Amino acid sequence: MGPDEHSGADPGADPEEFVVSLLREAGRPLTTREIQEAAERALVQCPDSTVVFLNRLRLRGVIRGRLSRERRAWVWWVEDR
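Here it is as structure tokens:
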């Protein structure tokens with residue numbers, strides 16, 4: 642399932658839960674732009690700018706992220722627990 646097909650599109654969704662769910666369903670790393678577009682479609686509002694919010698989740702260990710030279714953007718993913 643890609644970022645366009647996220648099933649958890651709940652306008653009242655918690656932004657952290659939304660991002661984690663989106664990344665799990667995608668099954669591949671997503672760019673900041675892909676996450677931002679999916680959040681906008683689902684009417685989920687991040688408390689900060691998307692990149693700041695994602696970086697805070699990364700620093701807390703909720704998600705992983707790195708700069709991808711191939712995609713010329715930061716990519717984000719979750720690791721299976």
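Residue numbers (the numbering used here): 642 to 722.
By construction, the Cβ of each residue, glycine as well, lies at the ideal position given by its N, Cα and C atoms.
Treat the numbers as computed from the prediction; the structure is a model and nothing was measured.
- Looking from the CA of L708, the closest CA among D721, V692, G702, R701 belongs to V692.
- R707 has V716 as its beta-bridge partners, per DSSP.
- In this structure, the beta-carbon distance from V685 to P656 falls below 8 Å.
- Of the candidates L663, W718, E678, R665, W718 places its Cα closest to the Cα of N696.
- A buried status is given to L663, since no fewer than 16 other beta-carbon atoms sit within 10 Å of its beta-carbon.
- Distance from R712 to T672 at the Cβ level is roughly 6 Å; contact confirmed, criterion being Cβ atoms closer than 8 Å.
- Put simply, of D721, G668, V660 the residue whose alpha carbon is nearest the alpha carbon of P688 is V660.
- Setting aside the 5 residues that flank it on each side, R674 is surrounded in the same chain by A714, each with a C-beta closer than 7 Å to its C-beta; the list follows chain order.
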